[in-house]
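Data block below; observations after.
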Amino acid sequence: MCPFDLHIPAPPTRPGDEPDFSHLVIPPPGAVPRPEADVNASSESLRDTAYGLIRVLDNQGHAAGPWAPRIAPEKLRQGLRAMLLTRLFEDRMFRSHRQGKTSFFMKSTGEEAIGAAQSMVLGPRDMCFPTYRVLSWLMARGYPLIDLVNQIFSNEKDPLKGRQLPILYSARDYGFYSLSGNLGSRFGHAVGWAMASAYKNDDSLALAYIGEGSTAEGDFHEALTFASVYHAPVILCVTNNQWAISSYAGIAGAEETTFAAKAAGYGLPGLRVDGNDFLAVWAATEWAMARARANRGATLIEFFTYRVAGHSTSDDPARYRPADEGSQWPLGDPIARLKQHLIAIGEWDEARHVQCEAELVDTVRTTAKEGEAVGTLGHSKPPVSEMFEGVFETPDWRVREQRKELGV
Amino acid sequence: MCPFDLHIPAPPTRPGDEPDFSHLVIPPPGAVPRPEADVNASSESLRDTAYGLIRVLDNQGHAAGPWAPRIAPEKLRQGLRAMLLTRLFEDRMFRSHRQGKTSFFMKSTGEEAIGAAQSMVLGPRDMCFPTYRVLSWLMARGYPLIDLVNQIFSNEKDPLKGRQLPILYSARDYGFYSLSGNLGSRFGHAVGWAMASAYKNDDSLALAYIGEGSTAEGDFHEALTFASVYHAPVILCVTNNQWAISSYAGIAGAEETTFAAKAAGYGLPGLRVDGNDFLAVWAATEWAMARARANRGATLIEFFTYRVAGHSTSDDPARYRPADEGSQWPLGDPIARLKQHLIAIGEWDEARHVQCEAELVDTVRTTAKEGEAVGTLGHSKPPVSEMFEGVFETPDWRVREQRKELGV
Amino acid sequence: MAVMSMIQALNSALDVMLTRDPDVLTFGEDVGYFGGVFRVTEGLQKKHGARRCFDTPISEGGIIATAIGMGAYGLRPVAEIQFADYILPAFDQLVSEAARLRYRSNGEFWAPITVRAPYGGGIFGGQTHSQSPEALFAHVTGLCTVIPSNPYDAKGLLIAAIESNDPVIFLEPKRIYNGPFDGHHERQMKTWTDHAASDVPEGHYTVPLGKAATVREGKEVTVLAYGTMVHVASAAIAEFGIDAELIDLRSIVPLDVDAITQSVNKTGRCVIVHEASRFGGFGGELSALVQERCFFHLKSPILRVAGWDTPYPHAFEWDYFPGPGRVVKALRQAMEN
Amino acid sequence: MAVMSMIQALNSALDVMLTRDPDVLTFGEDVGYFGGVFRVTEGLQKKHGARRCFDTPISEGGIIATAIGMGAYGLRPVAEIQFADYILPAFDQLVSEAARLRYRSNGEFWAPITVRAPYGGGIFGGQTHSQSPEALFAHVTGLCTVIPSNPYDAKGLLIAAIESNDPVIFLEPKRIYNGPFDGHHERQMKTWTDHAASDVPEGHYTVPLGKAATVREGKEVTVLAYGTMVHVASAAIAEFGIDAELIDLRSIVPLDVDAITQSVNKTGRCVIVHEASRFGGFGGELSALVQERCFFHLKSPILRVAGWDTPYPHAFEWDYFPGPGRVVKALRQAMEN
Ligand SMILES: Cc1ncc(C[n+]2csc(CCOP(=O)(O)OP(=O)(O)O)c2C)c(N)n1
Ligand SMILES: Cc1ncc(C[n+]2csc(CCOP(=O)(O)OP(=O)(O)O)c2C)c(N)n1
Ligand SMILES: [Mg+2]
Ligand SMILES: [Mg+2]
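Protein chains in written order, with the numbering used here: chain C, 1 to 408; chain P, 409 to 816; chain U, 817 to 1153; chain Z, 1154 to 1490.
Listed below in structure tokens is the structure:
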């Protein structure tokens, strides 16, 4: 008999190679038909949505095909602004890290459309269970920049009282669940939250994010199982940005099939969506929302995108992928594409864009300085007593004794 | 907006109702085409295999359709004998439990074809990672009955030295990995084992079992992910016997899709097979084996069957399902069906069957008595020093001191 | 008042809370229609409906993740894990999520969940139906861990756990579900009927978390125990005929350290008893605390009686189980100095 | 001999074993092409090939399950978990499977796996990149737990772990990967260059599991520590100016109980130091053992210096971390009686 051999997936290119995305199949916008939102999950029409790529914006910025959503220009501009703000803010904070003002930072460059569009589609009483790469969700909802800065600098005014690593925000009033460093472990909370909403005959739904790399965790499967069994009103989003630190998506199974295809195993619809296309993200989210509202339960959405920046401030992507791969990403830059669309429909122009950007740069600069004035890592922190608060609702003798021992 | 509602799946019938399987779609034998074993996993032909039902034996015991395997009559008789022995042995041990001779027992009534056929298809150097419901695997390989009895009685000659609950066997030489009470947690070991085989350019493959209820564990998904990513030569089997203790398969997701359909999410082929059809089990296993041998990696097989007996000696199925549901199972009894087939092809007859059964009854009785002579639970056990052995390869001071303290 | 077994008392606690609070619901493997493999949820689905008491997929991680999400929404879910041995697939959810949610979000979210699990040995359940993992939880900042020893406490503590806004691991010694057990496995099984603590109010009441019970006052030695071991220790004290003070910790987090310290300062001797294997078990923490707080009152070494440092061995259940014989030996040893 | 940092020493151990034994292979998240987020596997894929050193899906449970299956087949897999905080999704695999396989199968199967994980705090990693979960493993019968404190030991212990036929949890104090750290975070970072234990043989050697090292002999008090805390304790001893005996446990299972007992019987005093939170931590077991074995030699209470009973608090790293100041305080207190 022939011996077996172990297959170790490897990406097509590595440092020193030219970036090469020729293996990707990128269908034109409009190629994927749009089934009715309450279609039966076993419907053949859902094969296209899971294996194709739902796109709306073409290379000229025109919206095309059955998925093209109707969005008021004002909303589009709001989305653009949120994405722009996200990018500018992240650039600034990244630099702050280089200057030693914070211990850690992560950027979402190239992925800003996802959080921004979904945040706008969902309502104020819906709850998102974020990853660390959807700052644009908060930006689109007007979360105070200064609170972000204070959290990132772990200073005296950190809304999380210095207890949590930078960027692991919590913002209940903005529909943004508490983040943590553990990957995947909150995906199922979204399902539980959605089940609770259904249990209470409430009408608020849940939305969860997970990275394509993290779909390998057992939590992912468990969440999908519960969502499927109890028809939970939840939108389950996989952000496939091609990379998990240094591991390309093939290590998470992308050599074999799409992430949207995972929906089939649970009898759920799966949508595979151009994540750099604000309109496509919007449309897919509306579809999943309509489906949940029809009491048909959960939808799995794969956002096909690209992590342009390094994984975090601790990472150097030049060690494991071709330099400048990001600029070659065939689905472009979500900000440039939405801007182009707004211009194409006559609702935006270069001058306004430049002015908007200048305003945002200014806001970011001012806010960063405001935060710096409060203090940066190591130069300001909440009272040390905060270290002991909130372990339990009521502190027990251990906290009391240890506070005394430390003298706080 | 309309409020959500929580969906709680429930089986169509409960105690007091008539058994009702009319919701099941049972296609005739031969309805599912047989793709080539090395077909591409994304091939459309694999949709039929995952959503249909691969069957070979018809109601008259004739083998039909593209999946009909070629099996020497001698092998069929061996399989029949193994199934029969399994059933008789389990009946006897179940009674032994009622007589207080063992602490615990579980039967596999109605599911005997699965272990028996697969054990015969796989080679002596292949390794199966069993559940507690595949005793027929060992029976088909001639594992000494007396070792089973001694393990079940936890007596002095228990091959597992009294350390393990009855029926949680380990039988390396028979290609049977160590069982444990934890569900699902060995599914991934099979994948690791298969990867090791491939790593060593060995040609032995692995086969893993899991119950349909246990597919909800994260381990299931993790195992499939690794199997898919590294093309592990492993056959991954879900035994869908409709029940997980008192929970019907709908609680594991069966309301929404098949278990074989879970393969798609990993780009693996999924086969849905009549588990009460010895020939279909055989054929599906051969297909998966051929695929692995072609270095195409793993296959997921769902065996569609029915757990005729209670879950275990601690269970009373009359509390949660209609009495006598088992006898109404539309796919019949695997033993009766193989017997009918052997008779239909002129390789067996009633007289031989009666004689065979009588011999087996006798063997079981003699062996049970032999085990009883050694001793039953509480009346005989291995030396107490065995409690302390095997925690580590070399005992440390804790073992030494504690043995001394106990005086053994 | 009614005479209840531990099972009935737990069932009553759930029934009372399902009746009082529409935000309480309960789920787990085989918990719904069937009423749980140990019958703790019997009748609850029928009475309160399938939306309030239901079966879950076999996925302990999923069960706890779901419960946390529900808790964050505002419900008070009570999740059953069929055996404490099977809680480990959910360990990350309990430690990294349930225990840390309130702290890390500065109180924006929290997990008011109760996780019930039958626990401990003595029923010939073998390796994976007998373990006592309490020490693993006790070390996790942010989790409460409760272990009742009788029907009255079981009901009152379970209600307190459900009403608590912190996550509570509620371990139910399965050997005493239907009757007290003093470790004399060779003797006839007892029911709860004759035990004082089987007199249980039918309505709502609580036994606060973090308060130990002095089962027996005494002067010569303090015995610390919880769960089944309270009964074993009690028998051993009687058999040895010693004026021991027996403390039933009831919850190990929060721990009633004052009750412990006061008692040992009085008696000067301490024996700790638990079923879990000894090394790294909760007895180590208790011993350390007592030693730190009562050092100058100690007349003899603090002793631990516990399971051996082996996996739970099926056929050797009674060789492994820290029965009254071993407790008596420890009491004798404690009195030697 | 070469001067190596801890990272280099660990890398060398893996390299030596990959070279010597074709059954050794190593994998984990970002371990392959990239060489690990802490660079411990740097260059190994290039040298030994992708089949021997590769990336895995982000699935700690899957990683350990795979390793166990490989181990059962006959390989000696070395799995990396990127941070010890993220080992918990694999906890069930480690406890219910790796630790129990040999015992339950009566030696038919076993899991000769090594699970490496960067561990501990001091790098401003916040809650989920700083924890010290050793006590959770120490309580599990069937697992070995090793924690090196310097490059020489790290290499020798890692080779011993890989060669061991038992499952070993190998916790690497990440704060001392690149240099010793005595807890004085305000001072300049040191490299390993000047430390004696950075002299590391380039080839194969082992440091046996279960043998503590006496870092410093002394008469007045015994200090028990492991990992980063060995350096902190050492600094505290010097600063307080006391003739303390400092014992580096190196592995907590198996534990060198004799070395501990002998030392405390000699000094009559004992201070235990660990980074993990105090309640239910491994210090409790150590304290209990010392008390049981050295009771009549003890001049003052055994003291524990440990992390507070809170989650690991990002901005308060140096308030939480048991630095030399707190160790000195404990030493002073130990000497008071
Ligand atoms: C449970 C767990 N395992 C490992 C890590 C370490 N880690 C942090 S981010 C990361 C990669 C995540 O990749 P992906 O899910 O694709 O998300 P992305 O960073 O691309 O947004 C890893 C392995 C972690 N944080 N949690
Ligand atoms: C991890 C774990 N959770 C729960 C249990 C308790 N339990 C034992 S068998 C069983 C049902 C299993 O159902 P299924 O997987 O369908 O297998 P079957 O018994 O039908 O063969 C349950 C819940 C267990 N043994 N292990
Ligand atoms: Mg990613
Ligand atoms: Mg089943």
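Glycine included, each C-beta is placed from N, C-alpha and C at the ideal position. All figures in this text were calculated on a predicted structure; none of them were measured in a lab.
From the beta carbon of Ser1285(Z), is the nearest beta carbon of chain C less than 7 Å away? So no, Ser1285(Z) is outside the interface.
Same chain only: Cβ atoms within 6 Å of Ala1243(Z), ignoring 5 sequence neighbours per side: So the qualifying residues of the chain are Glu1213, Gly1214, Ile1217.
Closer than 7 Å by beta-carbon distance: list the chain C residues that pair up with Asp670(P), in chain order. A small correction: the amino acid at residue 670(P) is Lys; Asp does not occupy that position in the sequence shown. Chain C residues near Lys670(P): Gly265.
Taking C-beta pairs closer than 7 Å, name the residues in chain C that Arg1229(Z) reaches, listed in chain order. What Arg1229(Z) touches in chain C: nothing, since even the nearest Cβ is about 16 Å away.
For Ala640(P), I'd like the list of residues in its chain whose CB is within less than 7 Å of its CB, leaving aside the five on either flank, ordered along the chain. Result list for Ala640(P): Val599, Ala602, Met603, Ala606, Phe634, Gly705, Ala706, in chain order.
Would you list the residues sitting across from Ala524(P) in a DSSP beta bridge? For Ala524(P), which the question treats as bridged, DSSP gives no partner whatsoever.
Residue from Asn467(P), Pro738(P), Leu632(P), Lys569(P) whose Cα sits closest to the Cα of His431(P): Among Asn467(P), Pro738(P), Leu632(P), Lys569(P), the Cα nearest to that of His431(P) belongs to Pro738(P).
Within a Cβ cutoff of 6 Å, which residues of the same chain sit near Ile963(U), ignoring the five residues on either side of it in sequence? These residues qualify, in order along the chain: Leu987, Tyr1042, Gly1043.
Below 8 Å, can you find three or more Cβ-Cβ pairs linking the segment 149 to 159 of chain C to the segment 365 to 382 of chain C? Yes, the segment 149 to 159 of chain C is in contact with the segment 365 to 382 of chain C.
Closer than 6 Å to a non-hydrogen atom of ligand 3 - does that hold for the CB of Gly211(C)? Yes, since a heavy atom of ligand 3 falls inside the 6 Å radius drawn around the Cβ of Gly211(C).
C-alpha distance - Met795(P) paired with Thr802(P), whole-angstrom precision: CA-to-CA, the gap between Met795(P) and Thr802(P) works out to about 14 Å.
What first and last residue would you give for the alpha helix (DSSP H) that runs through Phe537(P)? No alpha helix (DSSP H) contains Phe537(P), which is instead part of the beta strand (DSSP E) from 535 to 537.
Contact the segment 910 to 929 of chain U vs the segment 161 to 178 of chain C: 3+ CB pairs below 8 Å: The segment 910 to 929 of chain U, when compared against the segment 161 to 178 of chain C, does touch it at the 8 Å Cβ threshold.
Gln355(C) classed as buried or exposed, judged by whether at least 16 other C-beta atoms fall within 10 angstroms: Gln355(C) is exposed by the Cβ-count criterion.
Going by beta carbon distance, what residues of the same chain come within less than 8 Å of Lys1343(Z), once the five residues before and after it are set aside? Taking Lys1343(Z) as the centre and dropping the five residues before and after it, the same chain places the C-beta of Gly1332, Pro1333, Phe1334 closer than 8 Å to its C-beta, in chain order.
Nearest-angstrom Cα separation, counted from Val1293(Z) out to Leu1105(U): When rounded, the distance between both Cα atoms is 22 Å.
Considering only C-alpha positions, which residue in the set Arg727(P), Ala700(P), Asp682(P) is nearest to Leu6(C)? For Leu6(C), the nearest C-alpha among the options comes from Ala700(P).
Grouping DSSP H, G and I as helix and E and B as strand, with all else coil, what is Ile643(P)? Of the three classes helix, strand and coil, the one that applies to Ile643(P) here is strand, per DSSP.
So is the beta-carbon of Ala244(C) under 6 Å away from any non-hydrogen atom of ligand 3? Within 6 Å of the C-beta of Ala244(C) there is at least one heavy atom belonging to ligand 3.
Shorter than 7 Å from the beta carbon of Thr774(P) to some beta carbon of chain C? Under the Cβ criterion of 7 Å, Thr774(P) is not counted among the residues facing chain C.
Kindly provide the ranges of any beta strand (DSSP E) runs that are 3 or more residues long and lie completely inside the segment 1368 to 1439 of chain Z, ordered along the chain. Assignment of beta strand (DSSP E) within the segment 1368 to 1439 of chain Z, counting only whole runs of 3 or more residues, yields 1374 to 1378, 1397 to 1401, 1404 to 1406, 1423 to 1430 in chain order.
Quick one: is the Cβ of Ser1079(U) within less than 6 Å of any heavy atom of ligand 1? No, Cβ of Ser1079(U) sits at least 6 Å from all heavy atoms of ligand 1.
Nearest neighbour of Lys1419(Z), chosen from Thr1179(Z), Leu1399(Z), Ala1483(Z) [CA to CA]: Shortest Cα-Cα distance from Lys1419(Z) to any of Thr1179(Z), Leu1399(Z), Ala1483(Z) involves Leu1399(Z).
What are the residues that DSSP puts in a beta bridge with Ser451(P)? In DSSP, Ser451(P) forms no bridge with anything.
Please confirm if Ala1218(Z) has its CB atom under 7 Å from at least one CB of chain U. No, its Cβ sits nowhere closer than 7 Å to a Cβ of chain U.
Select from Ile345(C), Val364(C), Ser170(C) the residue whose C-alpha is nearest the C-alpha of Arg77(C). For Arg77(C), the nearest C-alpha among the options comes from Ile345(C).
Compare the Cα-Cα distances from Glu1250(Z) to each of His505(P), Glu663(P), Tyr585(P), Leu496(P) and report the closest residue. Of His505(P), Glu663(P), Tyr585(P), Leu496(P), the residue nearest in Cα terms is Tyr585(P).
If you draw a straight line from the alpha carbon of Leu72(C) to that of Leu676(P), how long is it in whole angstroms? The amino acid occupying residue 72(C) in the given sequence is Ala; Leu does not appear at that position. Roughly 43 Å between the two C-alpha positions.
Please report the straight-line C-alpha distance between Pro15(C) and Tyr320(C), rounded to a whole angstrom. Cα-Cα distance, rounded: 6 Å.
Closer than 8 Å at the beta carbon, the chain U residues around Arg81(C): Within 8 Å Cβ-Cβ: nothing; Arg81(C) doesn't reach chain U, min ~26 Å.
Closer than 7 Å to chain C by CB, Ser636(P): For Ser636(P), the answer is yes, since a Cβ of chain C falls inside 7 Å of its Cβ.
Chain-ordered chain Z contacts of Val399(C) [CB-CB under 9 Å]: Under the 9 Å cutoff, chain Z gives Trp1461, Asp1462, Thr1463.
Using a Cβ cut-off of 7 Å, pull out every chain U residue sitting near Ala216(C), in sequence order please. What Ala216(C) touches in chain U: nothing, since even the nearest Cβ is about 14 Å away.
Top-ranked residue by Cα proximity to Pro532(P), from Arg495(P), Asp581(P), Val799(P), Gln468(P): Considering only alpha carbons, the answer is Asp581(P).
If I'm right that Thr623(P) touches Ala660(P) with Cβ under 8 Å, what's the distance once you round it to whole angstroms? Cβ-Cβ separation between Thr623(P) and Ala660(P): approximately 6 Å, consistent with a contact (criterion under 8 Å).
Any Cβ of chain P within less than 7 Å of the Cβ of Asp173(C)? Output row for Asp173(C): interface = no.
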